[in-house]
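Numbering (this note's numbering), first residue to last: 860 to 932.
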């Protein structure tokens with residue numbers, strides 16, 4: 860328990876709707892880019908690497924989005 864909690868002080872965490880929307884839009888954009896690259900019949904090594912990187916970024920954005928939604932509920 861933190862000192863603030865022991866004193867009966869609770870900080871209200873508010874999440875900006877703009878931040879949630881930004882993360883949702885970024886996630887959708889990454890998903891679209893990944894989908895486009897995965898449609899390539901014979902992706903180059905560079906494209907395969909790019910797909911992996913985009914998937915990591917997408918997961919990171921999803922984790923941030925989930926944390927913000929959890930804090931906001």
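We put the beta carbon where it would ideally sit given N, CA and C, even for glycine.
Discussion item. Which same chain residues end up closer than 7 angstroms to residue 893 when comparing Cβ atoms and leaving out the 5 residues on each side of it in sequence?
Written reply: The count along the chain shown starts at 1 and reaches residue 893 at position 34. Shown here for residue 893: same chain residues with a beta carbon closer than 7 angstroms to its own, the five before and five after excluded, namely 910, 913, 914 and 917 in chain order.
Item to complete: Go through its chain and collect everything with a Cβ distance to residue 906's Cβ below 8 angstroms, but skip five positions before and after it.
Response: As a first step, residue 906 must be located in the chain shown, where it is residue number 47. Here residue 906 has 896 and 899 as same chain residues with Cβ atoms under 8 angstroms from its own Cβ, once five neighbours each way along the sequence are excluded.
Discussion item. In the DSSP assignment, the alpha helix (DSSP H) including residue 908 goes from what residue to what residue?
Written reply: Counted from its first residue, the chain shown places residue 908 at position 49. It spans 904-931 - the alpha helix (DSSP H) in which residue 908 sits, taken as one unbroken run.
Worksheet item: Beta-carbon separation of residue 886 and residue 921 under 8 angstroms?
Response: As a first step, residue 886 must be located in the chain shown, where it is residue number 27. As a first step, residue 921 must be located in the chain shown, where it is residue number 62. The answer is yes: Cβ separation under 8 angstroms.
Fill in: Three-state secondary structure assigned by DSSP to residue 860
As a working note, residue 860 is residue 1 in the chain shown. Any answer about residue 860 is weak, because its pLDDT of 44 lies below 50 and its placement is not dependable; what the coordinates show is given next. The answer is coil: DSSP assigns residue 860 none of H, G, I, E or B.
Discussion item. So, for residue 924: in the same chain, excluding its five sequence neighbours on each side, which residues have a beta-carbon less than 8 angstroms away from its beta-carbon?
Written reply: For the purposes of this step, residue 924 is taken as residue 65 along the chain shown, with counting starting at 1. Taken in chain order, the residues that qualify are 879, 882, 883 and 886.
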